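Student:
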Amino acid sequence: MSSLDQDQRHHPSCREKTLASDSSDSRELPSQQLQGLKLASHAVLEEAQQRGRLKCSKCGGSRMFFCYTCCSLVGMSLQDVPTVKLPVKIDIIKHPNETDGKSTAIHAKILAPSDVTIYTYPCIPEYEKDKVVLVFPGPRAVSVQDMMKSKSSVSKVDPLQRVVFIDSTWNQTNKISTDERLQDLLQVELKMRKTCFWRHQKGKPDTYLATIEAIYYFLMDFHEHCLDEEYSGEYDNLLFFYSYLHSIVNKAKTSAGKC
Ligand SMILES: [Zn+2]
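Take the sequence shown: its position 129, counted from the start at 1, is 129 in full-length UniProt numbering, and no numbers get skipped.
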């Protein structure tokens, strides 16, 4: 399991200044958040884990669950995993110098294949600024709730065609977010969310979300504030792999603590 504990890739979803007022009991929240999810059965992942790593049929790499290079399942078929329909298209821009195995962006592509596109920086599309938003914190960022309000010319996005996320470590995230092709996009930040991510970087606050978490929380806010519907688990299966991997790491930590 040691390879699961080395990740440094998080999505900066909240402004840093909101972190200062953070309460000390915040670390109680993450596991509870994962427990109430409406998820497809993890039995298929348990079986795959027992079989261990297999060779990817496309690239020959040794993989568990899915191949992050080929973006395909390994040892499972598409019917074995849930498919999530998203209310808006999502682009994920990832940094080329990072190991793909550390990224949770691939979860989104596998679980919502018709709505998610992954680009490798600097190869990114030209975006129409009035129809696309970038989920990234900063002084110019607005909440998801305010994103669709057409009264304010600053935050007018109508119709929203696409939402862009950056999947990268901290040092590289700023380089991508300041790319001139992304500069004109309305920036959106998520409300205070705590990460469930098990790969905390030392010294990083627990509001730095994994990319799959950031996508999930954005969609929850979008569902409630933009579609104006009560959220009842529609996108929970985006965390299908994530919640399972989280439970494995927790079990490993628990058993390690007993020794
Ligand atoms: Zn492969």
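Think of the CB as a built atom: it goes at the ideal place given N, C-alpha and C, for glycine as much as any other residue.
Note that the structure is a prediction, hence the values are computed from the model and not measured.
1. Rounded to the nearest angstrom, how far is the Cβ of LEU160 from that of LYS131, given a contact under 8 Å?
2. Could you check the C-alpha separation between residue 310 and TYR68 for me, to the nearest Å?
3. For ligand 1, is there a heavy atom less than 7 Å away from the beta-carbon of LYS58?
4. Assign CYS59 to one of two classes, buried (16 or more other C-beta atoms within 10 Å of its C-beta) or exposed (fewer than that).
5. Taking the Cβ atom as the reference point for each residue, do ASP236 and LYS191 lie within a distance shorter than 8 Å?
6. Just reading off the beta strand (DSSP E) that ARG124 is part of, what are its end residues?
7. What separation, rounded to the nearest whole angstrom, lies between the Cα atoms of ASN174 and ASN97?
8. Could you check if LEU78 is buried or exposed, using at least 16 other CB atoms within 10 Å of its CB as the buried criterion?
9. Measuring only from the beta carbon, is ASP83 closer than 7 Å to any heavy atom that is part of ligand 1?
10. Could you pull the start and end residues of the beta strand (DSSP E) that GLU224 belongs to?
11. Over what stretch of residues does the alpha helix (DSSP H) that includes ASP146 continue unbroken?
12. Assuming SER177 and HIS95 are in contact, meaning their beta carbons sit under 8 Å apart, how far apart are those beta carbons, in whole angstroms?
13. For LEU45, list the residues DSSP reports as bridge partners.
14. Are the CB atoms of VAL135 and HIS225 nearer to each other than 8 Å?
15. Kindly indicate if chain D contains any beta-carbon less than 8 Å away from that of THR120.
16. Just to confirm, is the Cβ distance from VAL163 to ILE90 under 8 Å?
17. For ligand 1, is there a heavy atom less than 7 Å away from the beta-carbon of GLY61?
18. Which stretch, first to last residue, makes up the beta strand (DSSP E) that contains LYS109?
19. Would you mind stating whether ALA212 and LEU182 have Cβ atoms separated by less than 8 Å?
20. Does ALA108 pass the burial test, meaning 16 or more other C-beta atoms within 10 Å, or should it be called exposed?
21. CB-CB under 6 Å to ILE92, same chain, minus the five flanking residues each way: which ones, in chain order?
22. For LYS253, list the residues DSSP reports as bridge partners.
23. Under a three-way DSSP split, which group does THR173 fall into?
24. Nearest CA to the CA of VAL116: which residue from ILE215, GLU47 and HIS223?
Tutor: Taking the geometry as given:
1. 7 Å
2. Missing from the structure shown is residue 310; the chain here goes from 1 to 259 and no further.
3. yes
4. exposed
5. no
6. It should be noted that the sequence gives Ile, not Arg, for residue 124. That residue, ILE124, is in no beta strand (DSSP E); it is neither H nor E in DSSP.
7. 14 Å
8. exposed
9. As written in the sequence, residue 83 is Thr, which differs from the Asp given in the question. No; taking the cut-off as 7 Å, the Cβ of THR83 has no heavy atom of ligand 1 nearer than that.
10. It is not in any beta strand (DSSP E) - GLU224 carries neither H nor E in the DSSP assignment.
11. 144 to 147
12. Their Cβ separation, rounded to whole angstroms, is 11 Å, which puts SER177 and HIS95 out of contact at 8 Å.
13. Answer is none; LEU45 lacks a bridge partner.
14. no
15. Here chain D cannot be found, since the structure has a single protein chain.
16. yes
17. yes
18. Premise fails: LYS109 lies in the alpha helix (DSSP H), 105 to 111, not in any beta strand (DSSP E).
19. In the sequence under discussion, the amino acid at residue 212 is Ile, which differs from the Ala named in the question. No.
20. buried
21. ALA105, ILE118, PHE165 and ASP167
22. None, per the DSSP bridge assignment.
23. helix
24. ILE215
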